[in-house]
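>
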Amino acid sequence: MLVEIKGLCKRYESKADYTIENINIEGDAGEIIGILGHNGAGKSTTIKCITGMHPYENGSITIAGHDLVSDSILAKQNFGYVSDEHVLFEKMTGFEFINFMADIYNVTAEDRKLRVERFQQLFALGDSIYNPISSYSHGMKQKIAFMGALIHNPKVFILDEPMVGLDPYTASQVKVFFKQHAEAGNLVLFSSHNLDVVEKLCNRVYIIDQGRILKELNMAEFKATGEDFEEYFLSITKRVAKVV
Amino acid sequence: MREFLILFKHEMKMQFPLQFLSKGRKQKPDIIGSLLSLLTTLLVACVFIALLSIVVKNYVKVEIHRVPAPFERGLELLNLLYATILIAISVACMEKMRSGLTKKRDNELFLRLPVKPQTLLMSKLLAILVWTYIFAFVLVVTVNVIFFIALKPSFIFWIYTFLVWFLMPLSAFLIATLLLVPYIKVIDFISERYWLIFVILSCMIIGAFLLYSGLLGILQSLLETGSIKFLFNEAFINTLQGLLVWTYPANCFANIALGKNLFLSLLITVVIAVLAVVILYYVSKRLFYATLYKNESKKLAKKANKDYVVRKPLASLIHKEFISVFRNRKHLFSYFAIATAMPVMVYCCYTLFESLISNAIGLKVNFSLALLVLLIFSILTNTFCATNITRDGLVALKSKMFPIKASTQLLAKVLFCAIVSSAAIIVSVIALLFAGLSVWEGCLCGVVALAFSTAQIFIATRMDLNHANVSASSYEIERINNRTISKVVVLGLILALIFGVLSMALFIFAKMDTISFIASLNLKTWYAYLIPILGGVLYLGFALFYYLHKLEKSFEHMIS
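Order-wise, the sequence lines are chains A and B.
Be aware that the first sequence starts at 1, since it is given in this note's numbering, and climbs by one per residue.
Be aware that the second sequence starts at 1001, since it is given in this note's numbering, and climbs by one per residue.
Encoded structure:
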């Protein structure tokens, strides 16, 4: 398993109840896994715990066979992460940021050159990567964040709401990239509330609500049932759409 | 009208960001920081007012060919001071207009609302005008109170003062408006040239400090000779008179204040005021509309670095620190420029107090004085390190996912500060050698200062980490930072004073054999060297322990 999460619980200091409770997620090479939920369901908290940004109370997280707490450096070496907030070092140029991330992950000069050229083409970036990040649009920042997270060709690619702010062309390119990355023996794990993206891309989906996983779906099996994904999701989270 | 008042209220809040007056959650006040700021402001203001009072009192008594002319001398000095005030107000006004009128994103936000651009423009200009009037009031009234005490004119002087205060900001507006477009061009030109900004800021700080120490030098001469008439001789006054002819319209304001050529001066200044209002409206309107409706062109960095430079993670983290500080004008000023100016500040303070102390007690306490000055300035420079974590904002949180130990990530920050601080201390020691300190005393001073400075960096970084709340609002982060900075400054200054003064006292007592009690203590001069060295070592040891204690856990639990 590339990602193995068992009994994950997280409680914020300001709150009495757990924000997420008993989360169990597994993901293996070649898979694209979605964590689907409404706003405030606990998707981002789960992702932030997996990436080590938030400490957690109970449970265990293993990435590429390395425990996130006891073997954190090796665990972190094996994933790349793109957040939904696009927080980057604004005073750097896009190119400097990518180089910085490559240094952090000990990527060789040859590898970083090959990958930067590939992503420059994939995201149609051109020479704008030499401009300061502070001058970038939301979508541009998202693209640079993608490049920074992928510069070390991680086994596990983790994303929080990845399609927000991307133009249609880049969004389609990203979807193609997700599939290629998974086919190359890696895992893509992302959170979203966009049902279409999750339905089209994912092999497996974890539906999360109020901090708990309600259902684990194998998408191939689900599609075979002929059920409507949106209706199923709303019924399982008990929020049926009403026209007022 | 309602729209105008709402916008004007918003602009006033922007011009006077008094957060403690705003409604909302009660915050723990930064008492130490507020007291420190108040004390520093009061100290600087008192020194300035005292110096100015002395200069005014002495200058009006100056006689040329043994003829006293207090009114003429007063007029000259008032003219000079008004010219300085006018320049200060004009520059401040120009910067206020530039930042207010050319912030495209803020203005766009308002234009999405049902608000006319003219209303927005007028609200901005009026808020700047109110700010300028308050600024001018503080400066003009301070100067005029000093003159009132020195020259003792009639009550009508205060009516003329009111006229000067009312008209001067409008003249400043005219000067600011005329220079606004070239000023904006210059700012645009240097905005991405960080080396140039660094040089300009450093020169400004050094210049301001040299000016201030020059004034203190005058005070010193006064204390030594009892008079400053040596400075104001005939040649000086003739040169000054020649220059003042060109300080237009400041000379008109000086005339108004002292009732000379009153109607002509009033007429000129009123015409300038009317011109100011008309030109200001048209220039600012054109500028404001041009900013609102122009497309922001994204310029490509002229010398973009396209080389794949491979660095070790630690070196890369230090490089990142350098970029994020060097390419931020606020940080560039508060760290690099201050650190660059530090040797000049140390040199000036040392030379000034060295002669004062040796004249007062008849002893040379060079090592102790150099140490005290060096410690104080290195501690003030290092206050910036109290923002080592929080200045990154949310990115600091993101660094938790890097496959690098927290201790290494924080070491990069400490090393970066230590490099800057050590360079400033080494250059300061060289400056002290030029000021007459012996080589071995200079080296000893440098070693002790390096120990204190490094300890200060460790403590400041850890304190910031302990209180880091990186996802808080920018105001909240600034408030937390200010509290941490205050604590770090107070701790550092107390230690600097203790060791500096103790060393000085030990040196003096060791030389005193006339007082039997002190002589019985049998103090040696080398105690004055040993105590600060021991203090530095102990402080560094304590700081290192404080910094390393549960470091990884503290980083892990950084608040998000």
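We treat Cβ as the ideally placed atom computed from N, Cα and C, and that holds for glycine.
At what residues does the beta strand (DSSP E) containing V156/A begin and finish?
V156/A -> beta strand (DSSP E) spans V156 to D160.
> Whole angstroms is fine: what's the gap from S1297/B's alpha carbon to Y1289/B's?
Its pLDDT being 48, under 50, S1297/B is placed unreliably in this model, and the value from its coordinates should be taken loosely. Roughly 16 Å between the two C-alpha positions.
> Between the stretch 1314-1343 of chain B and chain A, which residues of the former have a C-beta closer than 7 Å to a C-beta of the latter?
S1316, K1320, I1323, S1324, R1327 and N1328
> To the nearest angstrom, report how far apart A1208/B and L1121/B are at their CA atoms.
34 Å
> For a contact meaning CB atoms closer than 9 Å, what does R112/A contact in chain B?
Y1308 and V1310
> Can you name the start and end residues of the beta strand (DSSP E) that C9/A belongs to?
V3 to K10
> If contacts are defined as beta-carbon pairs under 8 Å, then R212/A and N58/A qualify, I think. What distance do you get, rounded to the angstrom?
That pair is no contact at about 14 Å.
> Beta-carbon within less than 6 Å of L1258/B's beta-carbon, same chain only, minus the 5 sequence neighbours each way: which residues are those?
L1075
> Might you give, ordered along the chain, the residues of its own chain that have their beta carbon closer than 8 Å to the beta carbon of N1382/B, omitting 5 neighbours on each side?
C1417, S1421, S1453, Q1456, I1457, A1460, V1488 and G1492
> Give a yes or no on whether the minimum CB-CB distance between F89/A and chain B is below 8 Å.
yes
> Less than 8 Å between C-beta atoms, sequence neighbours within five positions excluded: which residues of the same chain meet that for T1161/B?
V1140, V1141, N1144 and A1257
> Spatial neighbours of A1341/B within its chain, please: CB distance less than 7 Å, with the 5 preceding and 5 following residues excluded, ordered by chain position.
S1202, I1205, I1206 and F1209
> Between the beta-carbon of I1485/B and the beta-carbon of E1234/B, is there less than 8 Å?
Against a cut-off of 8 Å, the Cβ pair of E1234/B and I1485/B comes out as no contact.
> Below 8 Å CB to CB, which residues in the same chain sit around I1200/B once its five sequence neighbours on both sides are set aside?
I1190
> Compute the Euclidean distance between the alpha carbons of L991/B and M1168/B, then round it to the nearest angstrom.
Since the displayed chain B opens at 1001 and closes at 1560, residue 991/B lies outside it and no answer follows.
> Whole angstroms is fine: what's the gap from K1550/B's alpha carbon to I20/A's?
27 Å
> Let me know the alpha helix (DSSP H) ranges lying completely inside the stretch 1236-1286 of chain B, each 4 residues or longer, listed in chain order.
The alpha helix (DSSP H) runs lying completely inside the stretch 1236-1286 of chain B and spanning 4 residues or more are 1250-1258, given in chain order.
> Check the Cβ-Cβ distances between K1398/B and every residue of chain A, and say whether any is below 8 Å.
yes
> Consider the Cβ of F1402/B: report whether some Cβ of chain A lies at a distance smaller than 8 Å.
So yes, F1402/B belongs to the interface.
> Could you check if F1507/B is buried or exposed, using at least 16 other CB atoms within 10 Å of its CB as the buried criterion?
buried
> Look at E90/A and I32/A and say whether their C-beta atoms are less than 8 Å apart.
no
> Given this structure, state the Cα-to-Cα distance separating V244/A from T237/A, to the nearest angstrom.
Low confidence applies to V244/A: its pLDDT is 44, below 50, so where it sits in the model is not reliable enough to give any reading.
> Around the C-beta of G1214/B, are 16 or more other C-beta atoms found within 10 angstroms, so that it is buried, or is it exposed?
By the neighbour-count criterion, in which a residue is buried when 16 or more other Cβ atoms sit within 10 angstroms of its Cβ, G1214/B is exposed.
> Can P55/A and H1331/B be called in contact, C-beta distance under 8 Å?
no
> Do the CB positions of K1400/B and M53/A come within less than 8 Å of each other?
yes
> On the criterion of 16 or more Cβ atoms from any shown chain inside 10 Å, does V1501/B qualify as buried, or is it exposed?
exposed
> Can you find the residues in the same chain that come closer than 6 Å, C-beta to C-beta, to A171/A, ignoring five residues on each side of it along the sequence?
So the qualifying residues of the chain are M163.
> Distance cutoff 8 Å, beta carbons only. Does I25/A sit that close to anything in chain B?
no
> When burial is assigned at 16 or more other CB atoms within 10 Å of the CB, is G154/A buried or exposed?
For the sequence presented, residue 154/A should be read as Pro rather than Gly. Its Cβ being crowded by 16 or more others within 10 Å, P154/A is buried.
> Nearest by alpha-carbon distance to Y1527/B: which of L1538/B, F1545/B and S1503/B is it?
Taking only the C-alpha atoms, the option nearest Y1527/B is S1503/B.
> For V1395/B, would you say it is in contact with chain A, using Cβ-to-Cβ distances shorter than 8 Å as the test?
yes
> Using a beta-carbon distance cut-off of less than 9 Å, what residues from the stretch 38-63 of chain A approach chain B?
K48, T51, G52, M53, H54 and P55
> Using a C-beta to C-beta distance shorter than 8 Å, which residues of chain B count as neighbours of I73/A?
P1403, I1404 and K1405
> Counting only the same chain and skipping the five closest in sequence on each side, list residues whose C-beta sits under 6 Å from that of V1414/B.
I1457 and T1461
> Can you find a CB in chain A that lies within less than 8 Å of the CB of E1003/B?
No - not a single Cβ of chain A is within 8 Å of the one on E1003/B.
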